[in-house]
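Engineer: Got a structure here, written out as structure tokens. Questions coming.
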Amino acid sequence: MSKDLLSLYNPWWEGKGSPVVAEWANKEVRWRPSWIEKLSLEPFSLNFVIGPRLVGKTTGIHLLIEELLKKVRPEAILYLNLDVAPDPESLRIMLEDYDSFRRASEVETSYVFLDEVTSLKGWWKVIKGYVDAGFFAKDVLVLTGSSSLRLRGEVELFPGRMGRGREVIAQPLSFKEFLHVKGVDVKLSGDIEMDMSRLLPKSRAIRELFHEYLEVGGFPLSVNKDPRAAEYTIRSLEGELLRAGRDPHLARGLVSSILRKAPSPLSYASMGSELSVSHRTVREYLEIFRALMVLDRAMYRRGKKVFWRKESKFFFLDPFTARSLSLWTLTKFLDAALYEWVVQAHLLRRYGEVFYYRDSYEVDVLANDLRIEVKVGKPHRRYPRGVKILDEDNIHLFLAVIT
């Protein structure tokens with residue numbers, strides 16, 4: 550069985566191409582994920598690719614394999630999807646079988662791709678043992694997993710064992726990346742205002758694509774308008790919650806509360822009271838959603854001081870994810886919330902953290918030195934000097950230059 554699986558998952562050993570790449574090539578909208586460039590392909594390297602399910606990690610790995618096949622022998626490349634491994638012993642047997650094969654083929658350096666390692670409980674014990682024994686000393690390893698790798702802290706189990714390897718995050722397309730795959734390239738100087746001004750001739754086209762982005766987000770299935778995209782998104786989230794030992798029904802209630810009340814700040818206590826659970830339980834579930842890269846939060850900041858105990862603004866990291874969760878919970882959300890979420894998510898990518906401010910006036914997003922009010926879908930108000938207003942006339946241009 551082990552040898553049959555090895556042959557099935559590695560068709561290049563028999564001179565055949567990857568069926569995953571063939572399927573990708575038939576998509577109307579397709580792209581080579583940018584995270585591929587961040588991987589180390591120098592031995593010894595242990596790389597981790599972490600990202601939400603359905604973001605295209607498997608496709609990216611197969612595209613990289615196709616490129617490697619132009620430089621190295623087919624026998625030097627091993628791909629395994631651990632979804633099919635029933636236990637760690639099965640993984641060990643397949644690795645031993647491949648080791649015999651590569652020795653017989655006189656392969657010096659192997660490129661080992663282990664996909665969806667989070668599907669196999671205890672996978673890390675096998676890999677850690679082999680790394681410590683020098684089994685992969687001349688090799689390059691790329692391990693992919695869902696965002697639950699972060700949740701379980703399994704990457705942290707390899708301190709000092711990654712060699713030249715890196716931890717790489719796979720994310721859905723940003724709006725700038727979405728524009729690129731749609732044929733609109735944006736050149737950046739680093740000056741946000743200047744870059745926005747330069748896009749004036751393309752403003753109409755960018756606006757149209759922005760409204761499309763608000764519908765489809767940045768995941769491959771949704772970008773290609775696959776009718777199964779929302780169902781798969783919901784199923785994958787429920788699966789992650791169950792693997793984490795959490796109750797999808799309670800999680801649905803929390804998501805519904807956020808969708809219904811956004812973009813207003815919320816406290817753990819208020820959500821807990823609504824759902825008859827403790828604020829600690831609410832916090833725990835929302836931290837899981839953060840680890841799974843479903844949502845994040847903006848805390849209250851005044852000046853340089855962050856107030857950890859004040860209410861937070863919770864925002865979803867992809868527009869299509871938000872729409873899928875709206876279907877899951879049967880809860881509608883305001884357009885104003887969607888616009889604010891997209892701005893928060895993009896600035897989080899750029900600066901690593903975002904905040905908000907509220908007193909006699911409100912600033913929706915604080916990030917680095919930026920102070921931003923998202924006015925789309927909101928009544929007009931007066932704002933102090935230094936606050937950048939994003940409205941229907943400029944929000945698409947602003948997001949086009951944020952990366």
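For the record, in the sequence shown the residue sitting at position 137 is 686 according to this note's numbering, with numbers rising by one throughout.
Where is the CB? At the ideal position from N, CA and C, for every residue including glycine.
Give a yes or no on contact between the stretch 796–811 and the stretch 864–875, applying the rule of three or more CB pairs nearer than 8 Å.
Structural biologist: Counting Cβ pairs under 8 Å, three or more are found: they touch.
Engineer: Assuming residue 812 contacts residue 885 (C-beta within less than 8 Å), just tell me the rounded distance between them.
Structural biologist: Numbered from 1 along the sequence shown, position 263 holds the residue referred to as residue 812. Numbered from 1 along the sequence shown, position 336 holds the residue referred to as residue 885. Confirmed, about 6 Å.
Engineer: First and last residue of the beta strand (DSSP E) that includes residue 599?
Structural biologist: Along the sequence shown, one-based indexing puts residue 599 at 50. Per DSSP, residue 599 belongs to the beta strand (DSSP E) from 594–599.
Engineer: Could you tell me the distance, in whole angstroms, from the CA atom of residue 974 to the CA atom of residue 785?
Structural biologist: Residue 974 lies beyond the residue range present for the chain, which begins at 550 and ends at 952; the question has no answer from this structure.
Engineer: Buried or exposed, going by whether 16 or more other CB atoms sit within 10 Å of the CB of residue 910?
Structural biologist: Numbered from its first residue, the sequence shown carries residue 910 at position 361. Classification for residue 910: exposed.
Engineer: Report yes if the C-beta distance between residue 596 and residue 714 is below 7 Å; otherwise report no.
Structural biologist: In the sequence shown, counting from the first residue as 1, residue 596 sits at position 47. In the sequence shown, counting from the first residue as 1, residue 714 sits at position 165. Result yes, Cβ atoms of residue 596 and residue 714 sit closer than 7 Å.
Engineer: Rounded to whole angstroms, what is the Cα-Cα separation between residue 581 and residue 862?
Structural biologist: Position 32 of the sequence shown, counting from 1, holds the residue named residue 581. Position 313 of the sequence shown, counting from 1, holds the residue named residue 862. About 33 Å.
Engineer: Just reading off the beta strand (DSSP E) that residue 848 is part of, what are its end residues?
Structural biologist: Taking the sequence shown and counting its residues from 1, one reaches residue 848 at position 299. First-last of the beta strand (DSSP E) with residue 848: 844–851.
Engineer: Would you call the stretch 723–735 in contact with the stretch 697–705, where contact means no fewer than 3 C-beta pairs closer than 8 Å?
Structural biologist: Short answer: they don't touch.
Engineer: Could you spell out the range, first to last residue, of the beta strand (DSSP E) harbouring residue 660?
Structural biologist: Within the sequence shown, residue 660 is the residue found at index 111, counting from 1. Here the beta strand (DSSP E) through residue 660 covers 660–664.
Engineer: Between the Cα of residue 609 and the Cα atoms of 585, 625 and 602, which residue gives the shortest distance?
Structural biologist: For the purposes of this step, residue 609 is identified with residue 60 of the sequence shown, where counting begins at 1. Looking at the Cα atoms, 585 is the closest of the given residues.
Engineer: Could you work out which residue in 691, 552 and 621 is closest to residue 606 when comparing CA atoms only?
Structural biologist: For the purposes of this step, residue 606 is identified with residue 57 of the sequence shown, where counting begins at 1. Minimum Cα distance to residue 606 is reached at 691.
Engineer: In the stretch 808–868, which residue ranges form an unbroken beta strand (DSSP E) of at least 3 residues, counting only runs that do not cross its ends?
Structural biologist: For the stretch 808–868, whole beta strand (DSSP E) runs of length 3 or above, ordered along the chain, are 844–851, 854–856 and 862–865.
Engineer: Can you round the beta-carbon distance between residue 914 and residue 892 to whole angstroms, since I take them to be within the 8 Å contact cut?
Structural biologist: Working through the sequence shown from its first residue, we reach residue 914 at position 365. Working through the sequence shown from its first residue, we reach residue 892 at position 343. Right, their Cβ atoms sit about 6 Å apart.
Engineer: Tell me the DSSP secondary structure of residue 553 in three-state form.
Structural biologist: Looking up residue 553 in the sequence shown gives position 4. Looking at residue 553 - three-state DSSP - the assignment turns out to be helix.
Engineer: Compute the minimum distance between the beta carbon of residue 565 and the heavy atoms of the ligand SAH, and state whether it is under 6 Å.
Structural biologist: For the ligand SAH, the structure offers nothing, since it holds no ligand at all.
Engineer: Return the CA-CA distance between residue 943 and residue 766, expressed in angstroms with no decimal places.
Structural biologist: Here residue 943 corresponds to residue number 394 of the sequence shown, with the count starting at 1. Here residue 766 corresponds to residue number 217 of the sequence shown, with the count starting at 1. Taking the straight line from one Cα to the other gives about 19 Å.
Engineer: Buried or exposed for residue 742, going by 16 or more other Cβ atoms inside 10 Å?
Structural biologist: Taking the first residue of the sequence shown as position 1, residue 742 is located at position 193. Classification of residue 742: exposed, given that the 10 Å Cβ count is below 16.
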